[in-house]
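Some notes on the structure that comes next.
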Amino acid sequence: MLDVIKTPRSIDTPKIKITLLRSFSGRSSLHRKILVSLGLSKIGSSRVLPNVNPILGQINKVIQFVKVEAAE
6 MLDVIKTPRS
16 IDTPKIKITL
26 LRSFSGRSSL
36 HRKILVSLGL
46 SKIGSSRVLP
56 NVNPILGQIN
66 KVIQFVKVEA
76 AE
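So our numbering is basically just the index in the sequence shown, starting at one, shifted up by 5.
Written out as structure tokens, the structure is:
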């Protein structure tokens, strides 16, 4: 199993896996919109996304809700 990485910019693989760990109910609407745009709607849901700067910027805004790993 791969280690969890808190700073997604340190991942060198072309794809990253993000998993929603915490609920975003009661949070700001900006956080909700970012999580939905990343494709995360339920706790435990995961997505494999490309490791590009726009995606990494969105992840950095909601890093307290997600787990970031290198995808294989």
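For every residue, glycine included, the Cβ atom is placed at its ideal position computed from N, Cα and C. Since we're looking at a predicted model, the values are computed, not measured.
- Collapsing the DSSP output to three states places P59 in a helix.
- Secondary-structure assignment with DSSP links I21 through a beta bridge to L54, A75.
- The beta carbon of F29 sits closer than 7 Å to the beta carbons of H36, R37, L40, F70 from its chain, once the five residues preceding and following it are set aside; these are given in chain order.
- A direct Cα-to-Cα measurement between K22 and G62 gives close to 15 Å.
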